[in-house]
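Using this note's numbering, read the sequence shown as starting at 47 and increasing by one per residue. Just so you know, even glycine gets a beta-carbon here, dropped at the ideal spot from N, CA and C. Structure first, then comments.
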Amino acid sequence: MIIPPGGIVDLGIGFPHQTIEEKKATYDFFRPLLKDRQSREEFEFPAQYMFKDVPDIVAPDVDPVAWVVAKMDEFNIQQAMTGMSEKGIRAKREYPDRFNLFASANPNKGLETLRMLDAAKAEHDIKGAMTFPSGMFPQVAVNDKKMYPIYMKCVELDIPIMINGGIVGPRMPSWPQLVEHFDEVLYDFPELTMVMMHGGEPWTALAVKLMLKWPGLHYMTSAFAPKHYPKDIINYANSRGSDKIMYCGYFPAGLSLERQFRDMPNVAFNDNVWPKFLRENAIRVFKLDQPATTTTTATTGATA
């Protein structure tokens, strides 16, 4: 493992909860999709069966933003992408050189979502949009025509769309995230920058084939401990895909940074891949080295 000069860019850091009730409420948006008793009644979060010792609860007297910044400092994480929650917006305000924001885009809200993206770019200089196809209620596939206005807006705003691919973790249908859907979208939007999240499994060979085919398609390692990075992705990064694969730690929603960086040195990336994987690709794809936008045209509809 080779730490790049300037430090690591993590494309997925959140903030801890301070009560179990707060944690459970985070997942209310897709709770109507859950049918099994464990998911509905027993689990603290719907993909609990997949993760152990999730480090996302702190004491009520702990400042969650300062706590995360201290963890970033400990592991040489210079910048992080985070969502437009109240904590995320505060982190960006208090540590403007450390945090970049993305906005969650719900295709079921139509024009409201497009106006929100305009306002989020103007007010907060968001660096990306994010959609969870299987987590929408009702569910919306990657290639559903309800997604097309969001893709057009991302092209217009010159920001990537981060979107889940592969079998979904919570116990609900995965058909919206079939990796084959990405092919149609990238055909229809050749100028779109799309970043596949959450693994693409079990279709990682297809994900690699599509990244070879479409210049705008990239991949981040969200929700995966390094020891479980798919072999197809590692092999691709070591060959023709060194510019396409980016680090996303998923802390503290699923994995501790201690776990991430204990496992990381065992990943079989070539030496030339590490600086790109840990920093350079994220800086380029999300334009993190560009100054904040100064436009103030759209100012209504932004939500935390």
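Asked	Found
On the DSSP bridge list, what partners appear for A126?	D56, F145
Would V188 pass as a contact of H227 if the rule is Cβ separation under 8 Å?	yes
Is the beta carbon of R144 sitting closer than 8 Å to the one on V104?	no
Taking P101 as the reference, give the member of D317, L303, G156 with the closest Cα.	L303
Please determine, among V55, M47, P50, I48, the residue with the shortest C-alpha to C-alpha distance to A328.	V55
Closer than 8 Å is the cut-off here; do at least three beta carbon pairs connect the region 64 to 74 with the region 87 to 95?	yes
With a 10 Å radius around its C-beta and 16 neighbouring C-beta atoms as the bar for buried, classify I123 as buried or exposed.	buried
Leaving aside the five residues before and after T341 along the sequence, list all residues of the same chain whose C-beta is less than 8 Å from its C-beta, in chain order.	Note that T341 has pLDDT 39, beneath the 50 cutoff, so the model's placement of it is unreliable and the number below is only indicative. For T341, where only same-chain residues beyond five positions count, the Cβ hits under 8 Å are K167, A168.
Once DSSP output is grouped into helix, strand and coil, what is the label at I205?	coil
Run through the region 306 to 336 for me and flag every whole alpha helix (DSSP H) of 4 or more residues, listed as ranges in chain order.	327 to 331
Closest Cβ-Cβ distance between V115 and chain C: below 8 Å?	In summary, chain C is missing from the structure at hand, where a single protein chain is found.
Please report the Cβ distance between P272 and N312, rounded to the nearest whole angstrom; I am assuming they are in contact, meaning their Cβ atoms lie under 8 Å.	7 Å
Do you know how far the Cα of A126 is from the Cα of G52?	13 Å
Can you have a look at Y265 and say buried or exposed, based on whether 16 or more other CB atoms are within 10 angstroms of its CB?	buried
W260: which of W249, E247, L232, L252 sits nearest, CA to CA?	L232
Flag this pair as yes or no: are the beta carbons of G300 and V254 separated by less than 8 Å?	no
Between F270, P248, T239, which has its C-alpha nearest G262's C-alpha?	T239
What is the residue span of the alpha helix (DSSP H) that L252 lies within?	250 to 259
For Q336, is the classification buried or exposed, using 16 other Cβ atoms within 10 angstroms of its Cβ as the cut-off for buried?	exposed
For K333 and M242, I'd like the C-alpha separation in whole angstroms.	17 Å
Excluding the 5 residues preceding and the 5 following E230 in the sequence, name in chain order all residues of the same chain whose CB lies nearer than 6 Å to its CB.	N189
Contact check, M176 vs A151 under 8 Å by CB: the rounded distance?	7 Å
Measure the CB-CB distance between P206 and G174 and report whether it falls below 8 Å.	yes
Quick one: what's got a C-beta closer than 6 Å to Q306's C-beta in the same chain, skipping five residues either side?	G295
Mark V214 as exposed unless 16 or more other C-beta atoms lie within 10 angstroms of its C-beta, in which case mark it buried.	buried
Please say whether P222 and P179 have beta carbons closer to each other than 8 Å?	yes
What residue range is occupied by the uninterrupted beta strand (DSSP E) comprising G245?	That residue, G245, is in no beta strand (DSSP E); it is neither H nor E in DSSP.
Let me know the secondary structure DSSP gives A269 once reduced to three states.	coil
When you compare the CB positions of K322 and D278, do they come within less than 8 Å of one another, or not?	no
Going by beta-carbon coordinates alone, are M292 and L147 separated by less than 8 Å?	no
Can you round the beta-carbon distance between M310 and Y282 to whole angstroms, since I take them to be within the 8 Å contact cut?	Actually they do not touch by this definition, with Cβ atoms about 18 Å apart.
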